[in-house]
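Novice: Just so it is clear: in the sequence shown, position 269 is 269 by my numbering, and no numbers are missing. Every residue, glycine too, gets a C-beta built ideally from N, C-alpha and C. Quick one: the structure is below, and I'll ask about it shortly.
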Amino acid sequence: NKGGTIVSKSWGGNGNLLVEGDVTVGQGGDGVLNVRRVNGKHWLNDNKDDLFLNWNTGTNVHLGFGENTTSSLFVSGDTLIAGNTTVGAGGNTALKVRHINGKKPGTVGDPDGEDDLFLNSYNSKPVHIGQGGLISQSLRVFGDITYDGRLNKLDVGEGDGSAYIRANSLWFGSAGNGMGRALVNEIRDIAITTVHPTNPRLNVTVTKSMNTLVINKEPGFEAVLIGGTVQFPSSRQLKENIETLSSQAAKRIVSTLEPVRFTYKRDRLKLECLGFIAEDAPPEVASPHYDAIVMNHIVAALTRVVKDQERSIEALEAQVSLLNQQ
Numbered sequence: 001n002k003g004g005t006i007v008s009k010s011w012g013g014n015g016n017l018l019v020e021g022d023v024t025v026g027q028g029g030d031g032v033l034n035v036r037r038v039n040g041k042h043w044l045n046d047n048k049d050d051l052f053l054n055w056n057t058g059t060n061v062h063l064g065f066g067e068n069t070t071s072s073l074f075v076s077g078d079t080l081i082a083g084n085t086t087v088g089a090g091g092n093t094a095l096k097v098r099h100i101n102g103k104k105p106g107t108v109g110d111p112d113g114e115d116d117l118f119l120n121s122y123n124s125k126p127v128h129i130g131q132g133g134l135i136s137q138s139l140r141v142f143g144d145i146t147y148d149g150r151l152n153k154l155d156v157g158e159g160d161g162s163a164y165i166r167a168n169s170l171w172f173g174s175a176g177n178g179m180g181r182a183l184v185n186e187i188r189d190i191a192i193t194t195v196h197p198t199n200p201r202l203n204v205t206v207t208k209s210m211n212t213l214v215i216n217k218e219p220g221f222e223a224v225l226i227g228g229t230v231q232f233p234s235s236r237q238l239k240e241n242i243e244t245l246s247s248q249a250a251k252r253i254v255s256t257l258e259p260v261r262f263t264y265k266r267d268r269l270k271l272e273c274l275g276f277i278a279e280d281a282p283p284e285v286a287s288p289h290y291d292a293i294v295m296n297h298i299v300a301a302l303t304r305v306v307k308d309q310e311r312s313i314e315a316l317e318a319q320v321s322l323l324n325q326q
């Protein structure tokens, strides 16, 4: 029948075509089946069921075919895929989605691990995790993260939460770009402390109130070992109101200082130390709160006293020499 077969309600029928066996379109050639809607039926009865394409055949279902034919698939509901989904097989094709919601653990990218996964590879739009301001999500990475761009903002443990940064070496800046800086708003103190259970080696605190670096103040007051020299900035360009320390002030400072022996209360080894009591020290060599000693101030006072004693010794030696000549 070259004119085709028409099943229509207008000719007195119900417009239905019931086929109990197989229907083959394009026997021996390229045939086309044109339909407006396809509804699924159960394979054992007339109850409604899912629509199966290529049931138990193991072959592919194509939308469009050939280099010059493209077709689109529009799905108004959910799409469930039990196997792998490949986009761009043999070509550079993009998968464009608005939302990706995870159920059970799955793979996004090449399941064989042969290709990289690119998100927004050809545009400058941001990639969001969670819905901004409404839904917060976590990103868990079990491998390495390499960042080649510019990180404008990184909130780690924002608010009252705690966060951990673990690294063998943590660098600010690099050898090629020179030294870097770690800038912190003056909101609270900065503390760097090792958490070794039996042998803590470092406790560094930068106090915002005094602009002071405190080393090993808690918990053991142990020694600070420095493998090089300790330098104090002392250029004339950094100073003003420069005056000579008088001999009377230097003598008063040195005479007021009282050297003592002691051990720190929280020192586990109870090592004997030599030093001074800050509360009993003169104000010129004590901290503003009288809880520390300023050692370079003591050095300056001692230097003045020693120089005065040298002059006195030289004067006495001159007198003795004069007496010996008489």
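What's the gap between the Cα of Q309 and the Cα of Q319?
Specialist: Taking the straight line joining both Cα atoms gives about 15 Å.
Novice: With burial defined as no fewer than 16 other Cβ atoms inside 10 Å of the residue's Cβ, what is the status of V285: buried or exposed?
Specialist: V285 comes out buried.
Novice: Could one say the Cβ of K239 lies closer than 8 Å to chain B's Cβ atoms, at least one of them?
Specialist: Judged by its chain identifiers, the structure shown contains no chain B, having just a single protein chain.
Novice: Which of helix, strand or coil does DSSP assign to K96?
Specialist: It is coil, neither helix nor strand.
Novice: What residue does the alpha helix (DSSP H) around L322 start on, and which one ends it?
Specialist: Unbroken alpha helix (DSSP H) run through L322: M295 to Q325.
Novice: Looking at A278 and A328, is the spacing between their C-beta atoms short of 8 Å?
Specialist: Since the first residue shown for the chain is 1 and the last is 326, residue 328 is missing from the structure and cannot be characterised.
Novice: Quick check: L51 and N60, are their CB atoms within less than 8 Å of each other?
Specialist: Their beta carbons are not under 8 Å apart, which means L51 does not touch N60 by this criterion.
Novice: May I ask which residues mark the beginning and end of the alpha helix (DSSP H) holding V254?
Specialist: Residues S247 to T256.
Novice: Out of S235, S124, G64 and G15, state which residue places its alpha-carbon closest to the alpha-carbon of G149.
Specialist: For G149, the nearest C-alpha among the options comes from S124.
Novice: According to DSSP, is A286 helix, strand or coil?
Specialist: Three-state result, A286: strand.
Novice: From A250 to S312, what distance separates their C-alpha atoms?
Specialist: Taking the straight line joining both Cα atoms gives about 15 Å.
Novice: Could you give the C-beta distance for K41 and D49, rounded to a whole number, given that I count them as a contact under 8 Å?
Specialist: That pair is a contact at about 6 Å.
Novice: Quick check: the Cα distance between I187 and D155, rounded to an integer number of angstroms?
Specialist: The pLDDT assigned to I187 is 48, lower than 50, so where the model puts this residue is not dependable, and the model offers no usable value.
Novice: When every heavy atom of the ligand ZN is checked, does at least one fall within less than 7 Å of the C-beta of L245?
Specialist: In the structure shown, the ligand ZN is absent, as is every other ligand, since no ligand is present at all.
Novice: Let me know the secondary structure DSSP gives R140 once reduced to three states.
Specialist: Reduced to three states, the DSSP call for R140 is coil.
Novice: Can you give the Cα-Cα distance for L119 and N152, rounded to whole angstroms?
Specialist: Each residue's alpha carbon lies about 19 Å from the other.
Novice: Just the C-alpha distance for N344 and I6, rounded to the nearest angstrom, thanks.
Specialist: Because residue 344 is not part of the residues shown, which for the chain are 1 to 326, the question remains open.
Novice: Under a Cβ-count criterion, where at least 16 other Cβ atoms within 10 Å of its own Cβ denotes burial, should R166 be classed as buried or exposed?
Specialist: Flag for R166 reads exposed.
Novice: What is the DSSP secondary structure of L238, counted as helix, strand or coil?
Specialist: Looking at L238 - three-state DSSP - the assignment turns out to be helix.
Novice: Express the C-alpha separation of Y164 and L53 in angstroms, rounding to a whole number.
Specialist: L53 and Y164: Cα-Cα distance of roughly 51 Å.
Novice: Count the other CB atoms, across all protein chains shown, that sit within 10 Å of the CB of I226; report buried if there are 16 or more and exposed otherwise.
Specialist: Per the 10 Å Cβ criterion, exposed.
Novice: Taking the beta carbon of R304 as the centre, do at least 16 other beta carbons fall within 10 Å, making it buried, or is it exposed?
Specialist: Buried, because 16 or more other Cβ atoms sit within 10 Å of the Cβ of R304.
Novice: Per DSSP, V260 is paired with what?
Specialist: Answer by DSSP bridge pairing, in chain order: G275.
Novice: Can you name, in chain order, every residue of its own chain whose Cβ lies under 7 Å from the Cβ of T263, other than the five neighbours on each side?
Specialist: So the list reads K270, L271, E272 and C273, once near-sequence residues are dropped.
Novice: Within the same chain, show all residues whose beta-carbon is closer than 8 Å to that of S72, passing over the 5 residues directly before and after it, in chain order.
Specialist: The answer, listed in chain order, is L63.
Novice: Cα separation between N324 and E314?
Specialist: If you take the alpha carbons of N324 and E314, they lie about 15 Å apart.
Novice: What separation, rounded to the nearest whole angstrom, lies between the Cα atoms of S287 and D144?
Specialist: Between S287 and D144, the C-alpha separation is close to 47 Å.
Novice: Quick one: what's K48 bridged to in DSSP?
Specialist: In DSSP, K48 forms a bridge with K41.
Novice: Does A281 pass the burial test, meaning 16 or more other C-beta atoms within 10 Å, or should it be called exposed?
Specialist: Buried, by the Cβ-count rule.
Novice: For I187, name the three-state secondary structure that DSSP assigns.
Specialist: At I187, the pLDDT of 48 sits below 50, so the modelled position is not reliable and the matter cannot be decided from this model.
Novice: Can you round the beta-carbon distance between V87 and T93 to whole angstroms, since I take them to be within the 8 Å contact cut?
Specialist: With 8 Å as the limit, V87 and T93 qualify as a contact, their Cβ atoms being about 6 Å apart.
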